[in-house]
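Trainee: Could you have a look at this structure, given as structure tokens, before my questions?
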Amino acid sequence: VYTRLQHGLGNFLAELQPTVAFFLRFAGIDYDADAAAGQKLDSYIRWVQTIVDRYEGTLIDLNIGDKGSYLYINFGAPVAHENNADRAAATALALMAQPEHLRYIAPVQIGISQGRMRAGAYGSRDRRTYGVQGPAVNLAARLMMQAKPGQVLTDPHSATLLEDIFVLSPAGHVVPKGQSQSVPVLAVGRRLRHSPIQHEHGTNAPVVGRDDELAVLTAALARTCSGQGQVVRMEAETGMGRSSLVAAFVQSAKRAGAIVAAAGCESTEGDTAYFAARQIAGWLLGLGLLRNATPAQKVDHIRHFVQSTEPDWLPRLPLLGDLLGLPIPDNDLTAGLDARLRREALYSLTVAIVQTITKQTPLVLVVEDIHWIDEASLGLLMALGRSVTATPLLLLLTHRSQAQEQDLRRLNTLEQVQQLTPQTTVTLRPMAQAAIRRLIENRLGGPTTSLLLELIQSQAQGNPFFAEELVDALRERAQLALEANGHWHLQPATLAALRQDGLIQERDGVLRLTPGSTFNDSVLGLPASLHGAVLERLDALPEPLKLTLKTASVIGRRFSLQLLAGVHPTHVTMDALEAELAVLTEHHFTRVDVEGTSGSFLFRH
273 VYTRLQHGLG
283 NFLAELQPTV
293 AFFLRFAGID
303 YDADAAAGQK
313 LDSYIRWVQT
323 IVDRYEGTLI
333 DLNIGDKGSY
343 LYINFGAPVA
353 HENNADRAAA
363 TALALMAQPE
373 HLRYIAPVQI
383 GISQGRMRAG
393 AYGSRDRRTY
403 GVQGPAVNLA
413 ARLMMQAKPG
423 QVLTDPHSAT
433 LLEDIFVLSP
443 AGHVVPKGQS
453 QSVPVLAVGR
463 RLRHSPIQHE
473 HGTNAPVVGR
483 DDELAVLTAA
493 LARTCSGQGQ
503 VVRMEAETGM
513 GRSSLVAAFV
523 QSAKRAGAIV
533 AAAGCESTEG
543 DTAYFAARQI
553 AGWLLGLGLL
563 RNATPAQKVD
573 HIRHFVQSTE
583 PDWLPRLPLL
593 GDLLGLPIPD
603 NDLTAGLDAR
613 LRREALYSLT
623 VAIVQTITKQ
633 TPLVLVVEDI
643 HWIDEASLGL
653 LMALGRSVTA
663 TPLLLLLTHR
673 SQAQEQDLRR
683 LNTLEQVQQL
693 TPQTTVTLRP
703 MAQAAIRRLI
713 ENRLGGPTTS
723 LLLELIQSQA
733 QGNPFFAEEL
743 VDALRERAQL
753 ALEANGHWHL
763 QPATLAALRQ
773 DGLIQERDGV
783 LRLTPGSTFN
793 DSVLGLPASL
803 HGAVLERLDA
813 LPEPLKLTLK
823 TASVIGRRFS
833 LQLLAGVHPT
843 HVTMDALEAE
853 LAVLTEHHFT
863 RVDVEGTSGS
873 FLFRH
């Protein structure tokens, strides 16, 4: 917000976007009788802010009133993320675990709800504040009031985004403000896993449109199984199907007799040492079956593993405590190591463990989303990468396209990984229309009319995730129906709305999209899953570029440079606009309209 004000964009703060409202009620401070009440409140709020900042939320308001003492926190504004609900739930669990010096705070009550909200300035010209308001805010407050002390409640819509990540359980019903019908309420429990890795238990979903890329991965696996270890780096824009392709490859690797271990990096864990490496190390050391074991039992298991595998490693056993987050006391050898030597000794031990495993069978280590990897895990990954030539080890590293990346730290990570050799690069590009058609038909379980296919393809632009999410959104909103001949088609009401807006026309007796059609949310709503992914990329742009992109979006999917210059609110020069559009095109937001007039551009989606 401050950056926008610095750029003179204070009048352009208002946005409508999906965010998550988070309400927390707390008690335990006697404001009337306790002389230290102010200090206690300050200490608690400072700690809360530390947790909220870690998950990149925004503390909007602290209120002490008829509902008691409560906080309103928002995830998604002013900075958007594609996993706002996940961040909110993780924050809630972290805020339940109060440190010892804050034990005077009673167990808190938390409500979480996702929805489209208005984010921007509220107030008069003389005094304004930044806020985020919408129906989901009222619902989150209701959920907070209904929650028991020590409980986190959420609504069904948010639950669909959390059900594969957290334990959810029914917790009654609540009547939202202004409504007469109640909605189910779910309690959020412990986290199930750290990352949405599909391939831990495999998948039977067919891989569509990626035969060539799968062949490259299979060839790399064959070389690895013959003793020629290597690094395979897979990059793609958001939604291009990295995880699905990895899942199919993992099943192929298992059928070939390779051992597979996987880890996923997270945007919120970039400062957590060994977050990614710990997942793989735990699997390799057999801790996957000991999830309910005590730390002492896990340490005993690791000691037995080392003793039975290579007794000479026992003096370095405490180093594995650093990697796994387990309490293994230092011995005479490890106690004398400084931070650098300790880290190098751990890397050396891990490489030795991996090489010992690969003497028995080839090993595939998958690390997804390495653009978010923590520094300690990156160091260990680089050590393993430098050792691949001496062992049948395949390192499969996935990350989003560098063209999407603006963060210097993440760009530096990708540059380091690119130095590893031997290395094969697999780049997932937009799918051909024939592949998107098969994907849509697989999703629906049957063929579609030409208009429905054209509509989805025009919006997805070769992005399989966009295509599948649009299909699901249309079906969930009852905008699709099945014809007697087995073809899926748009409902008459949707067709009528498209006709009214001039988005479709009849040509040669067939309904087709009108060239240059731009769809709005009233006709074709953008699913929150897509909205969040797009907004996260948008918010990474410098403020002037964001304003240019938003201004162009008002014009339509196709826009001319001349028209954009004429309506731009800051009256930017033509040369500056050309430079900004060059950056937006480089980062895959827009592209030159080859079918239009000179100086014409198109949005990618």
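The sequence shown begins at 273 in my numbering and counts up one residue at a time.
Yeah, the Cβ is synthetic: ideal placement off N, Cα and C, and Gly gets one too.
This one's a predicted model, so the numbers in the text were calculated from it and none came from an experiment.
(1) Between which two residues does the beta strand (DSSP E) harbouring Gly461 extend?
(2) Residue range of the alpha helix (DSSP H) that Val623 falls in?
(3) Determine the burial state of His473: buried for a count of at least 16 other Cβ atoms within 10 Å of its Cβ, exposed for fewer.
(4) Tell me which residues share the same chain as Asp865 and place their Cβ nearer than 7 Å to its Cβ, disregarding the 5 neighbours each side in the sequence.
(5) Near Gly329, what residues of its chain come up, given a Cβ to Cβ distance below 8 Å and the 5 sequence neighbours on each side ignored?
(6) Counting C-beta neighbours from all protein chains within 10 Å, is the total for Glu936 16 or more, i.e. buried, or is it exposed?
(7) Let me confirm a value: Leu683 is counted as buried when at least 16 other C-beta atoms fall within 10 Å, else exposed. Which label applies?
(8) Looking at the secondary structure, which residues open and close the alpha helix (DSSP H) in which Thr820 lies?
(9) Between Leu856 and Leu821, how many whole angstroms is the CB-CB distance? I'm expecting something under 8 Å.
(10) With H, G and I counted as helix, E and B as strand and the rest as coil, what does DSSP make of Glu472?
(11) What does DSSP give as the partner residues of Asn735 in its beta bridges?
(12) Report all residues from its chain with a CB closer than 8 Å to the CB of Gln470; omit the five preceding and five following residues, and keep chain order.
(13) State the start and end residues of the unbroken beta strand (DSSP E) segment that holds Ile531.
(14) Quick check on His671: does DSSP put it in helix, strand or coil?
(15) Going by the beta-carbon positions, is the gap between Arg482 and Gly529 smaller than 8 Å?
(16) What residue range is occupied by the uninterrupted beta strand (DSSP E) comprising Arg681?
(17) How would you call Asn564, buried or exposed, if buried means at least 16 neighbouring beta carbons within 10 angstroms?
(18) By how many angstroms is the C-alpha of Leu589 removed from the C-alpha of Ala419?
(19) Quick test of your reading: Thr291 and Val404, contact by CB under 8 Å. State the CB separation rounded to the nearest angstrom.
(20) Could you give the uninterrupted runs of the alpha helix (DSSP H) lying entirely in the region 490 to 545, keeping only those of 4 residues or more?
(21) Which residue's Cα is closest to the Cα of Thr697: Gly536, Val503, Leu752, Gly542?
(22) Using the beta-carbon count (16 or more within 10 Å), is His373 buried or exposed?
(23) What separation, rounded to the nearest whole angstrom, lies between the Cα atoms of Gly758 and Leu680?
(24) To the nearest angstrom, report how far apart Gly597 and Asn410 are at their CA atoms.
(25) Kindly confirm or deny that the region 565 to 572 and the region 542 to 553 touch, where touching means at least three C-beta pairs closer than 8 Å.
(26) Quick check on this structure: which residue in Thr628, Gln386, Ala745, Glu640 has the alpha carbon closest to the alpha carbon of Gly536?
(27) Over what stretch of residues does the beta strand (DSSP E) that includes Ser341 continue unbroken?
(28) Taking the CB atoms as reference points, tell me whether Asn355 and Gly511 lie closer together than 8 Å.
(29) Let me know the secondary structure DSSP gives Ser441 once reduced to three states.
(30) Using three-state DSSP, classify Asp641 as helix, strand or coil.
(31) Is the region 311 to 331 touching the region 374 to 386 in the sense that three or more CB pairs, one from each, lie closer than 8 Å?
(32) If you follow the beta strand (DSSP E) that Met368 is part of, which residue opens it and which one closes it?
(33) Provide the residue span of the alpha helix (DSSP H) that contains Val320, from first to last.
(34) Return the chain-ordered list of same chain residues with a C-beta closer than 6 Å to the C-beta of Val447, the five sequence neighbours on each side being excluded.
(35) Note down the Cα distance separating Arg558 from Leu464, rounded to an integer number of angstroms.
(36) To which residues of the same chain is Ala750 closer than 8 Å at the C-beta, ignoring the five residues directly before and after it?
Mentor: According to the data block:
(1) For Gly461, the enclosing beta strand (DSSP E) starts and ends at 455 to 463.
(2) First-last of the alpha helix (DSSP H) with Val623: 611 to 630.
(3) Residue placement at His473 is flagged as unreliable, the pLDDT there being 42, under the threshold of 50; the coordinate-derived value follows with that caveat. The residue in question, His473, is exposed, as its Cβ has fewer than 16 Cβ neighbours within 10 Å.
(4) Spatial neighbours of Asp865 in its own chain (CB-CB distance under 7 Å, excluding positions within 5 residues in sequence) are listed in chain order as Arg830, Ser872, Phe873, Leu874.
(5) For Gly329, the CB contacts under 8 Å within the same chain, skipping 5 residues up- and downstream, are Phe294, Ile345, Asn346, Phe347, Arg359, Ala360, Thr363 in chain order.
(6) Coverage of the chain is limited to positions 273 through 877, which leaves residue 936 absent and any answer about it impossible.
(7) Around the C-beta of Leu683, fewer than 16 other C-beta atoms lie within 10 Å, and the residue is accordingly described as exposed.
(8) Unbroken alpha helix (DSSP H) run through Thr820: 815 to 827.
(9) Their Cβ separation, rounded to whole angstroms, is 6 Å, which keeps Leu856 and Leu821 in contact under 8 Å.
(10) Confidence at Glu472 is low in this model, with a pLDDT of 44, below 50, so its placement is unreliable and no value can be given for it.
(11) Bridge partners of Asn735: none, in fact.
(12) The predicted position of Gln470 is uncertain, since its pLDDT is 45 and thus under 50; no value can be drawn from it.
(13) Element bounds for Ile531: 531 to 536.
(14) In the three-state scheme derived from DSSP, where H, G and I count as helix and E and B as strand, His671 is classed as strand.
(15) Against a cut-off of 8 Å, the Cβ pair of Gly529 and Arg482 comes out as no contact.
(16) Not the beta strand (DSSP E): Arg681 falls in the alpha helix (DSSP H), residues 680 to 689.
(17) That one is exposed.
(18) Rounded to the nearest whole angstrom, the C-alpha separation of Ala419 and Leu589 is 45 Å.
(19) Rounded, the Cβ-Cβ distance is 6 Å, consistent with contact.
(20) For the region 490 to 545, whole alpha helix (DSSP H) runs of length 4 or above, ordered along the chain, are 514 to 527.
(21) For Thr697, the nearest C-alpha among the options comes from Val503.
(22) So His373 ends up on the exposed side.
(23) If you draw a straight line from the Cα of Gly758 to the Cα of Leu680, it is about 51 Å long.
(24) Each residue's alpha carbon lies about 40 Å from the other.
(25) These segments do not touch.
(26) Looking at the Cα atoms, Glu640 is the closest of the given residues.
(27) Residues 340 to 347.
(28) It is not a contact, given that the beta carbons lie outside the stated cut-off.
(29) Of the three classes helix, strand and coil, the one that applies to Ser441 here is strand, per DSSP.
(30) Here Asp641 sits in coil by DSSP.
(31) Contact holds: three or more Cβ-Cβ distances are below 8 Å.
(32) Element bounds for Met368: not the beta strand (DSSP E) but the alpha helix (DSSP H), 356 to 368.
(33) It spans 309 to 326 - the alpha helix (DSSP H) in which Val320 sits, taken as one unbroken run.
(34) In its chain, beyond the 5 residues on either side, Ser454 have a beta carbon closer than 6 Å to the beta carbon of Val447.
(35) Arg is not the amino acid found at residue 558; the sequence shown has Gly there. Using only the alpha carbons, I get a separation of about 18 Å.
(36) So the qualifying residues of the chain are Gln763.
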